[in-house]
Amino acid sequence: MKRYVIIAGVNGAGKSTLYQVMDSLKNMSRINTDEIVREFGDWKNSSDVIRAGKIAVSKINHYFEIGESFNQESTLCGRSIIKNIKRARMCGYRIELHYVGVDSVDIAKKGLHRGWQMADMEFRIKM
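The opening residue of the sequence shown carries number 5 in our numbering; numbering runs sequentially from there.
What follows is the structure in C-alpha cells.
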C-alpha cells in the first residue's frame, strides 16, 4: 500500500535525526525543505526558502499524481499540511504521523535561536 509519512515537530526537535534511524523510510522518496534549500542557497535568505518551498510543493504534487509513497518533514503549521493529508486520504494512501517532541519550550526556543543547527544537542529517540 502506498504511504504518506509525516515526520513532524518544532524546528530543531530532531525530525531529520528520526528519519535517519527509521529504516522503513530509507527506500522512500523524501521531501525536506531544509535539505532542498541547502542544495542551492541559504535558509537565511527568504527568497531561497520560498523557492525551496515551491520545489517541495511541486514534488508533493508529483508523488500524489503518480501514486508513489513518500515522506515529508513538517512543523504542522499552515493549511497545506491539512490539504495534503486530505488529498492523501482521497488518493488511497496510508497516512503515518511520527511526532518528535521536546521536553520544554526552552529547548524549542534554543532550536529557533540557533537557526536549527542542533548537532551538539543530545537526541533521545523513543521507538
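Using N, Cα and C, we set each Cβ at its ideal position, and we do this for glycine too.
None of the values given here were measured: they were computed from a predicted structure.
Look at the alpha carbon of S108 and the alpha carbon of I59, and state the distance between them as a whole number of angstroms. One-based indexing of the sequence shown puts residue 108 at position 104. One-based indexing of the sequence shown puts residue 59 at position 55. Roughly 32 Å between the two C-alpha positions.
Is there contact between the stretch 36–45 and the stretch 64–72, where contact requires at least three CB pairs shorter than 8 Å? Contact fails between the stretch 36–45 and the stretch 64–72, because fewer than three Cβ pairs, one in each stretch, are under 8 Å apart.
Would you check if the distance between the CB atom of K19 and the CB atom of E72 is smaller than 9 Å? Here residue 19 refers to the residue found at position 15 when the sequence shown is read from its first residue. Here residue 72 refers to the residue found at position 68 when the sequence shown is read from its first residue. No, they are not a contact pair.
Runs of alpha helix (DSSP H) wholly within the stretch 59–94 (minimum 4 residues, chain order): Qualifying alpha helix (DSSP H) stretches, in chain order: 84–94.
Could you give the first and the last residue of the continuous alpha helix (DSSP H) run that contains S20? One-based indexing of the sequence shown puts residue 20 at position 16. S20 -> alpha helix (DSSP H) spans 19–25.
What distance in whole Å lies between the Cβ atoms of V25 and T79, which are believed to be in contact at a cut-off of 8 Å? Walking along the sequence shown from the start, residue 79 turns up at place 75. Walking along the sequence shown from the start, residue 25 turns up at place 21. The C-beta distance from T79 to V25 rounds to 20 Å, too long to meet the 8 Å contact threshold.
Under the three-state DSSP convention, the category M131 falls into: Position 127 of the sequence shown, counting from 1, holds the residue named residue 131. Any reading at M131 must be qualified, since the residue scores a pLDDT of 40, below 50, and its modelled position is unreliable; no value is offered.
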